[in-house]
Structures are given as C-alpha cells and as structure tokens.
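Here the sequence shown stands for residues -19 to -1, 1 to 867, numbered as in mature numbering (1 follows the signal peptide of the UniProt record, and there is no 0).
Following: one structure in structure tokens, then a few remarks.
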Amino acid sequence: MTTQQWILAFCLSLASVFGTVELFKTKEILTYTCRTFGSGIVQPFKGESYYVRSDCPFKLTSFNVNRGEYSVTIRRGHNGLLVQVEIIINKVTTLLQNGNILVQNKSVSLPYDHTYQHIFKYGIYTRLRSSLLPFTVTWHNVHGGINSLWVTLESELCTDMCGLCGKQNVAGHRDELIRDSKLHDHRCKIKDPVLRKNHICRQFFRKTKNCLQDNNSHYHRLCKENICGFENSQSIFCPFFQEIASQCNQSRINRFWRRLTRCAKPRCPGDLIYEKKGPAFIPSCSNPNPAPFYQELTETCSCPEGKVLNNCEKGYRCIPKSSCSCEFAGKTYGNGEIRSSRCQSCTCHGGKWRCSENFCHRRCVIEGQFVTTFDGKQYVLPNKCLYVASKGPNWIIIIEFSQKKLYIRKVTVQLMEELFVFKNNKVLFDGQEIPEFHFSGHAQVYWVSSMFVQVHTTIGINFQIQMSPEIHLFIDAPDTSSDKIKGLCGNSNSDTTDDFTTNSGIIENSAKPFAMSWSLLNCFGNIPTTCTNLENENYAHEKCAVLNQPTGIFAKCHPHIPTDYYYTACIQRICNSAGSRRQGLCIGLASYAKACAGVGVVIGDWRRITGCDLKCQKNQEFSYSMHTCNRTCNSLTGHDIRCGMNDDAVEGCGCPEGTHLNQGQTCCPKEECGCIYYGGIAAPGPVVIAGQKCDCKNGILNCLPNCDCRNGKVCVSCSEGQHKRVQKTCDYISKPKGTRENCKSGCYCPDHQYEDHHGNCVSLDDCTCVFSGKAFKAGQQVTSNCKTCTCYRGQWHCIEKPCPGQCQVYGNGHYQTFDSKWFRFSGQCLYTLVQDSCDMRRGTFSIRVESVPCCEEVLTCSRNIILDLKVDFLVSILQIHQSIKV
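Here it is, written out as structure tokens:
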C-alpha cells in the first residue's frame, strides 16, 4: 500500500468515527533552532551569532504557551563548559549537573518517560522532548560539563519570548539580549576576553573564505573569542569548528578541518564505530528495526553493517541479530534457550520470544465482589444478590451473597440432575455432607486441602472452590461450546468486547446493568465502592502497599501479573471486610499470591512476612503447595483416582509427606491407619467381618475369600473397601452407572470384563446382544423393521434401508394397515383389501377378499382372494391359507 493509500485509509477511518474529515496538503515544517557551544557562543533563533563569556546564570530561552511555562537556564563554569542546565516544562524541573539528570530533585536513568517529557539517548547526544509542544533540548556531555546544547521549536510561538536565544521572528541586539537574560547573582561576572592572534583560527578561516564570504571575518572574531584562554581544550574549540564546517557543508572542508584543528573524532565504546551521519537510534537486540520516523540522521556510534547492539549485556558489543539473547522478568536467556510457565513455553530466537499458544483453560475468578471473566475482563459487582455465575447447556453455577456482611455465603451447582451446595465450610450432595471424596455419574468432588475443594465433571466444566476464610470461585471453561456459556463469567471466546452480554442477549457498556441482568430474586443492598472509615482507609493504603514494593516478597511476580487491580481490591476488602481488618488484608494478599501461582510463579513464605499465618488443626501442617494424592487413610484402600488429576497445588492444611489423615483428622503413618469397609472401620490387625477372617494392614483390608466363583468371575468381599461394587454386564454398557446400590459380597467379573447374557465374563469386544429375548454373539446380524443390525460391544449397530409398507389379514378378521395399525373386523362379504383406483382414477389393480367360514360359523378357515389386474382376465384364488399379505 502506498503512502497516499495509507493516508486515505486513515482519513476514511476517522470519517467513520467523527463524521467528516477534510483532506488537505501538509505544510513543510519550519524549525527554529538556538544553539550555544564552546566557551560562550550563542546562535539565536534569528540573527547572527555572538559571544558572551561569563559564569553567571542566563535564561537561554523562556516563554509561556497555553498557561504553561517553558524555560531553559544555563550557567558556565570556569572551564568554559556548561556546568548547570535547568529545564522547566509546565512546572516540572529537570536539572543537568555533574553528568547527572535530576527530575524534580530525583536522579533518573535513561530512557526516562514522564507525562510532560521524555529523555533519551540521541546518537552521541542526549535529548529531552516535550509531550506538550514540539519542543526539544539536545546536549552533548563531555568530561567536566556540556560543550554543546541546542533548543529546537517546530512552530512559531508568541512574541513574548526572552533569553539569549531571542525571538523567533525578530533579530535581537547582543548587548540587550545579554542584559535582559542575566539572572541576579552578585558572585558572577561578565567579562569580554582579550583578543589575541590564534594560529589555528587564522589557518582555518583561510580555507573558508569562499564558503562564508562576508561573514568570514565575523566568525574569525568569534573563533578568537571562544578559544582565548582555552587553547588546549578540544571540548571548547572543536564544537565551534564543527559548527562552521557543517554550515559550509563542503566536502573539501569536511576532509581537512579535523586534521587542521587537531579535533579527533568522538570515541565510541565497545564495538561501536563513529558515523558523522548515522541513525539516531542504534538498532539493538531489543529493537533491531527502529521505526522509520525515528531514524533521523545525526552524529552517532553504531554497529558495523549486519550487526546489532547487544543491549541485553554490558560492554557495548555488536553481534549478529540471530545471536541475540532475550530478557524476561529481569533474567537473560541465550539464543535457543527455553523458558516455561504453567500454561506456556517460549523459545528465544534471535532476540525475540517465540511462544506456544496458552494451553491452560480460560479461568473465571469470583472473589467476593471482584470478578475476572473467562476472557480476562475485570469488574466489580454492584449489589449483594443471588447471581448466575456461569451456565451452560447442562449445568449452572449460582452464587449467593450474605444479607448482612459482604461475602459469598453459598455456591450452588447443578450438574444435569445432580445438585451440590458449598457453604459453611461444608460440601453437600443432595443434602448429605461430603467429608473427603465423592464420585458420581457426572462429577468427582474432593477436598484438596483444608481450604480448597476441587470439582471435575464429565460435561466439560471444572472448578475449584476456596471454602475458607471466605468462599472464592475459580471456574475453568470447557474446551467447546464457548458460545453457549453465559453469566457473570462471560462466554470464553477470547473477545472481551462481548463479555457484558446480558441475560436478554444485548451487550451492555458498563458492569452494573450487565451484572444485574444475571441477578436472581431480591438483592440485599449495594456494595460500597469507597471507604467510609478513614482509619480503615489509612490502614489499607499502608498495608496493601506491600504488593507494590519493587524489592518486596511479591516483586518476582510483577513482570507476570500487574498489581494495580489487586492493590485496589485489597484496599476495598479492608474497607468492607466481613471480619477484621487483618483478615481483609490477608484475603487481598492471598488473591494476588494465588494468581501468581496460577502462572507458575512461587511467591515464597508471604504469610509469615506479612503476619497472615494460618493455624492448622491437631498435627496437620500448612503448605503453599498441598496435593491430595494418597494423603488420607481412606486413599490407601485402593488406587486413589485423585493422583491422576492435573490439579493446581493449593495452600492450606494437610498431612506432611509420608503421613495420612485418619478419621479423627489427625496425621499418622500408614501403619496406624484403620481400614474402611461397608459398615464401619476396622482397627489395624486381625479382625472378623461378617464371618470372614480379615487383616487390616497399612490401611488395606485383606479377607479370605469364601465364595465359589465360576465362568471367569472372582470373589469380592465388601469388607475389603468402602467403594460400592456393581456387576458390569453387557446389557448395561449404555445405561447410567448406579451410584446408590448397597455393596454385596459375591462373584464379579474382573476389571475390564463384562458378564454376557450367558453369565460368562468376556471382554467388551465379545459382549453379546439381545433381540426379542434371544442372545446373539458379537458379529451376528438380525433384521428388524427393514434394518440390518450387527451386534458389536453389547449394542446393536443398524444400517437403515427404506422399509415398504405391508398390509395383511389373518384369522377371524384381524387386519393390519400399511401404517402398522391393527384392527378387527369380521364381515362375511367380499371386501376390497387394496386398490389403486381411488378418487375416480382408472386403476391398475385391485385385491378383494372373502372369508370362508369353517363348520363353526364364528371361525374362518380360508379365504377367497380375487386379484384384478389391468389385463383383460380375472384371477381368482380359492382356498388360500389362513392369512394373506400384500
């Protein structure tokens, strides 16, 4: 696309927003530059250069625009260099002194960005650029001070400008400019130098006569004024000769002036080489291709062609772009190195990160009134209500706030026909408490720690609930059906612009009407957005600030997750805490710590440092990375299905490694674990259960079998575990799995086998099927309603074919229509069974039937059937058997 096309496209886009756009030609930008260099030479905005020797402070330029003050003040030292420069832009003061840059009396490093100004390296120079006006100040640092400085304006300002630079449109007189620009200081002096002949000046200006012409003598005088007393200071006289050479811009002068004046080229650090005209911004590993509009030409130090500056390491080394290292979170990674987080892996490739797609589920977080949608939009709920947190085709999650205090009181989850309730630090399934683990047809629910419950479902939605000290909800979106997900959490389509889709299907612009569209029944009051207690507010600002400390306990997570949202939420929690201020603080800090853990950043022992320690029951221990795999005595009875879950590690209380939680909520070695069986708990050691001799060892109950099993079945005793056992049969493969049957000891098929219709244990592939009360082997076929069906894995797989209609009559007046409807009619006449000559149409055939009674009148022994065809003959069939089908 050409430049003209880009401009047109941009203007059209503006027109779509603002209505109309007027196209016009841009004027050439006029720039006004004032320079001061050497020991006191000033080149004003307009007029000829002049010289002033003084250690007094001077206004270089000063003006006011749009009620904003702009000024540059300079002062030279006895060495002739600028030793102090003060720049004021709209009341923001920048001081250049002793090689340092101070903004509002605080030292800053480069690049530095502020609302009103930006300071950055510009070739071999340093530049300050105003954000309010097209106004820049550029300077060159040398040992002992600044030997060259210039101010540039890109527009003509008002006429009240003052200072040594004068006005933009009127040439000022030297003496007046000096007198009006000098600032009050009794200790300083203005002293004109005693002019003496100078060999270097004389030789130089012999070569510039053709270039400078009438101004040659004027510049020759400036040369002697500038160099007088500083004959051995290249920092003083070289900027002057360079300025004259640049004004002449003749290749002959550019070749000889450095040799004639003994002014060496600037030295460049490391591998950099000096260029008289090169890019102001050096291509580097972090920015190998600076934008074209930034690439002004100036004196610079740059890398050799084909290389870039390795700004990830010290030393100003130039390397091929393909060898560049990468940086993340303050750490440097070499080319080809890989960094991984919980949800993503990235490879350093030539200074750029190449990252995989985020392979974690999108997560919706509801922490009290603070909500983060699946797509990452963050907002605050307006009222204490019942809300639909999220809903899909076959599930719904509802949160309920407390009426009196500001916290979530209850979470209700409906999965198909199953109902779960989370409240008061308890989990209920159909009204019964789940103390440790629950498995049903649609969900696995289990406690991961004393604080967190994990829920995995078979319908795609998974979630984690923090039960204490307050209920928080963490919902992982399903991989599919994102367009069918609705509620406070949004729809998980990677587009935050439609996250505020209301219950009625329209997208709202703000959180309040959107959230209220998902509220149920009555609400219990507004949620405050500001602090009403000054003491709480001061406490909140002081304590929550630990999140933002650049070297604090949370600092390592700053590059991954910004603290702004969590800092604000922390303050509001303390202001509106349902408990103590300390509890509100700890909940707020825990929220950020969990978010960091979610991206793989381990914060460390932040609870101890911030005074948020948690106390555990009995001999349980607190951990930031609690897992539930084989941590309870109950889990020892068989394979712990929780070990295969890829759950986030959570904080909370639990048993340390090598111990197990028993029924008394105490951690013990597995040797002390009792054994669970249907009906009770057996103590470690020998025990008799239901007449069987058993042994409880390491939480596992072993019993001597006493059943005689055949057909490949094995003996199972309910005393060996608490899990309910159901016989798996070929007939029940496609039926819902029972969850409430009582355990019955007896003979069962081994794992991965099923009981067929003959009572034998077979593999799934060998399962039998049933049709019309008869069992068929795998692979056998039957025909049903014109379908050919094959038995495969206990189920019929049918191929449909068009089925012709059938009409029949048999016995004593039993008729079936073509639509398979049956009726009874016992007439003794000749009846038309079927014909195609209906509605006065000429038909092609007709079938008529007549019953022939038996010896007993109430019975029909045979029928006369008359078939009429289009041909000219009649077919009569007598003494047909008891039935006829057409």
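Note that CB positions come from ideal geometry on N, CA and C, so glycine has one too.
Practice task
Within 10 angstroms of the Cβ of T(-17), are there 16 or more other Cβ atoms? Answer buried if so, exposed if not.
Solution key: The count along the sequence shown starts at 1 and reaches residue -17 at position 3. Confidence in T(-17) is poor, its pLDDT being 41 and thus under 50, which makes the residue's placement unreliable; the coordinate value appears in the next sentence. T(-17) comes out exposed.
Practice task
Within the same chain, show all residues whose beta-carbon is closer than 8 Å to that of L253, passing over the 5 residues directly before and after it, in chain order.
Solution key: Here residue 253 is taken as the residue at index 272 of the sequence shown, counted from 1. If we look at L253 and ignore the five residues flanking it on each side, its Cβ neighbours are I263, C282, S283, C284, L290, Y297, C299.
Exercise for the section: Verify whether the separation of the beta carbon atoms of A670 and C684 is less than 8 Å. Expected result: Taking the first residue of the sequence shown as 1, we reach residue 670 at position 689. Taking the first residue of the sequence shown as 1, we reach residue 684 at position 703. Sequence check: residue 670 is Ile here, not Ala. Cβ distance < 8 Å, so I670 and C684 count as in contact.
Handout entry: V346, buried or exposed, once every other Cβ within 10 Å from all chains shown has been counted against 16
Key = For the purposes of this step, residue 346 is taken as residue 365 along the sequence shown, with counting starting at 1. Buried, by the Cβ-count rule.
Handout entry: Rounded C-alpha distance that separates D712 from I442
Key = Taking the first residue of the sequence shown as position 1, residue 712 is located at position 731. Taking the first residue of the sequence shown as position 1, residue 442 is located at position 461. Distance between the alpha carbons of D712 and I442: 30 Å.
Problem - Boundaries of the alpha helix (DSSP H) in which W587 is found, first to last residue - result: Translated into positions along the sequence shown, residue 587 becomes position 606. Residues 587 to 591.
Exercise for the section: Within the same chain, show all residues whose beta-carbon is closer than 8 Å to that of D464, passing over the 5 residues directly before and after it, in chain order. Expected result: Residue numbering aside, residue 464 sits at position 483 when the sequence shown is read from its first letter. Closer than 8 Å at Cβ, skipping near neighbours: N472, N474.
Problem - Assigned exposure category for S807 - 16 Cβ within 10 Å defines buried - result: Here residue 807 corresponds to residue number 826 of the sequence shown, with the count starting at 1. Per the 10 Å Cβ criterion, exposed.
Problem - Reduced DSSP category for G147 - H, G, I as helix; E, B as strand; rest coil - result: Residue 147 sits at position 166 when you count from the first residue of the sequence shown. Coil at G147, not helix or strand.
Problem - Residue environment, H437, which counts as buried when at least 16 other CB atoms sit within 10 Å - result: Residue numbering aside, residue 437 sits at position 456 when the sequence shown is read from its first letter. When all chains shown are included, H437 counts as buried.
Handout entry: Residue(s) in a DSSP beta bridge with V118
Key = As a first step, residue 118 must be located in the sequence shown, where it is residue number 137. Note: V118 sits in a beta bridge opposite L109, V132.
Problem - Buried versus exposed call for F804 [16 or more other C-beta atoms within 10 Å across all chains shown] - result: In the sequence shown, counting from the first residue as 1, residue 804 sits at position 823. The residue in question, F804, is exposed, as its Cβ has fewer than 16 Cβ neighbours within 10 Å.
Practice task
Determine which residues share a DSSP beta bridge with S321 and list them.
Solution key: Walking along the sequence shown from the start, residue 321 turns up at place 340. Beta-bridge pairing links S321 to S326.
Practice task
Note down, in chain order, each residue of its chain lying with its Cβ closer than 6 Å to the Cβ of C690, except the 5 sequence neighbours on either side.
Solution key: Counting from 1 along the sequence shown, the entry for residue 690 is found at position 709. Excluding residues within five positions, the ones whose Cβ falls inside 6 Å are C696, C728.
Problem - Proximity winner among N557, I415, K372, C597, relative to L469 (alpha-carbon distances) - result: Translated into positions along the sequence shown, residue 469 becomes position 488. Among N557, I415, K372, C597, the Cα nearest to that of L469 is on K372.
Problem - CA-to-CA distance, C750 to C779, given in whole angstroms - result: If you number the sequence shown from 1, residue 779 lands on position 798. If you number the sequence shown from 1, residue 750 lands on position 769. When rounded, the distance between both Cα atoms is 13 Å.
Handout entry: Contact set for S430: own chain, Cβ-Cβ below 8 Å, skip 5 residues either direction
Key = On the sequence shown, position 449 is the one that residue 430 refers to. Excluding sequence neighbours, S430 sits near S604, M607, T609, V631, E632, G633, C634, G635.
Practice task
Evaluate the contact criterion for the region 138 to 154 versus the region 13 to 28: three or more CB pairs, one atom per stretch, below 8 Å.
Solution key: yes
Handout entry: Neighbour-count burial assignment, L850, 16 or more Cβ in a 10 Å radius
Key = Start at 1 with the first residue of the sequence shown, and residue 850 comes out as number 869. Answer is exposed; the Cβ neighbour count stays below 16.
Handout entry: Beta-ladder partner(s) of R805, from DSSP
Key = Against the sequence shown, residue 805 aligns to sequence position 824. Per DSSP, H795.
Exercise for the section: Return the chain-ordered list of same chain residues with a C-beta closer than 6 Å to the C-beta of S162, the five sequence neighbours on each side being excluded. Expected result: By one-based count along the sequence shown, residue 162 stands at place 181. In its chain, beyond the 5 residues on either side, F39, K40, G144, L145 have a beta carbon closer than 6 Å to the beta carbon of S162.
Practice task
Have a look at the DSSP bridge pairing and note the partners of K72.
Solution key: Mapped onto the sequence shown, residue 72 falls at position 91. Paired residue(s): none; K72 is not in a bridge.
Handout entry: Residue range of the alpha helix (DSSP H) that includes A578
Key = One-based indexing of the sequence shown puts residue 578 at position 597. First-last of the alpha helix (DSSP H) with A578: 562 to 579.
Exercise for the section: Could you check what DSSP says for P301 in three-state terms: helix, strand or coil? Expected result: Here residue 301 is taken as the residue at index 320 of the sequence shown, counted from 1. Strand, per DSSP.
Exercise for the section: Can you say whether F237 is buried or exposed, counting buried as having 16 or more other CB atoms within 10 angstroms of its CB? Expected result: Reading the sequence shown from its first residue, position 256 is the one you call residue 237. F237 should be labelled exposed.
Practice task
Mind reading off the beta-carbon distance from L109 to T75? Whole number of angstroms is fine, and I expect it under 8 Å.
Solution key: Along the sequence shown, read from residue 1 onward, the residue named residue 109 stands at position 128. Along the sequence shown, read from residue 1 onward, the residue named residue 75 stands at position 94. About 6 Å separates the two Cβ atoms, so the contact holds.
Handout entry: First and last residue of the uninterrupted beta strand (DSSP E) at I780
Key = Locating residue 780 in the sequence shown gives position 799, where the first residue counts as 1. Element bounds for I780: 776 to 780.
Exercise for the section: Spatial neighbours of R829 within its chain, please: CB distance less than 6 Å, with the 5 preceding and 5 following residues excluded, ordered by chain position. Expected result: Mapped onto the sequence shown, residue 829 falls at position 848. Closer than 6 Å at Cβ, skipping near neighbours: L811, T813, I847.
Practice task
Could you check which residue in F222, G585, S832 has the C-alpha nearest to that of L241?
Solution key: Here residue 241 refers to the residue found at position 260 when the sequence shown is read from its first residue. The shortest Cα separation from L241 among F222, G585, S832 belongs to F222.
Handout entry: Exposure of G645, with buried meaning 16 or more beta-carbon neighbours within 10 Å
Key = Mapped onto the sequence shown, residue 645 falls at position 664. Exposed, by the Cβ-count rule.
Exercise for the section: Counting only the same chain and skipping the five closest in sequence on each side, list residues whose C-beta sits under 6 Å from that of F418. Expected result: Your numbering for residue 418 matches position 437 in the sequence shown. Take F418, set aside five residues on each side of it, and the residues of its chain with a beta-carbon closer than 6 Å to its own are Y427, in chain order.
Exercise for the section: State yes or no: is the C-beta of G19 within less than 8 Å of the C-beta of N60? Expected result: As a position in the sequence shown, residue 19 is number 38, starting the count at 1. As a position in the sequence shown, residue 60 is number 79, starting the count at 1. In this structure, N60 does not lie closer than 8 Å to G19 by Cβ.
Problem - Segments assigned beta strand (DSSP E), at least 3 residues, entirely inside the region 623 to 667 - result: 631 to 635, 656 to 658, 661 to 663
Problem - Touching by the beta-carbon criterion (3+ pairs, under 8 Å), the region 548 to 556 and the region 505 to 517 - result: yes
Exercise for the section: With A756 as the anchor, note down where its beta strand (DSSP E) starts and where it stops. Expected result: Taking the first residue of the sequence shown as 1, we reach residue 756 at position 775. Note, A756: beta strand (DSSP E), 755 to 757.
Exercise for the section: Can you give me the Cβ contacts of H541 inside the same chain, cut-off strictly under 6 Å, excluding the 5 residues immediately before and after it? Expected result: Here residue 541 is taken as the residue at index 560 of the sequence shown, counted from 1. The answer, listed in chain order, is V580, V582.
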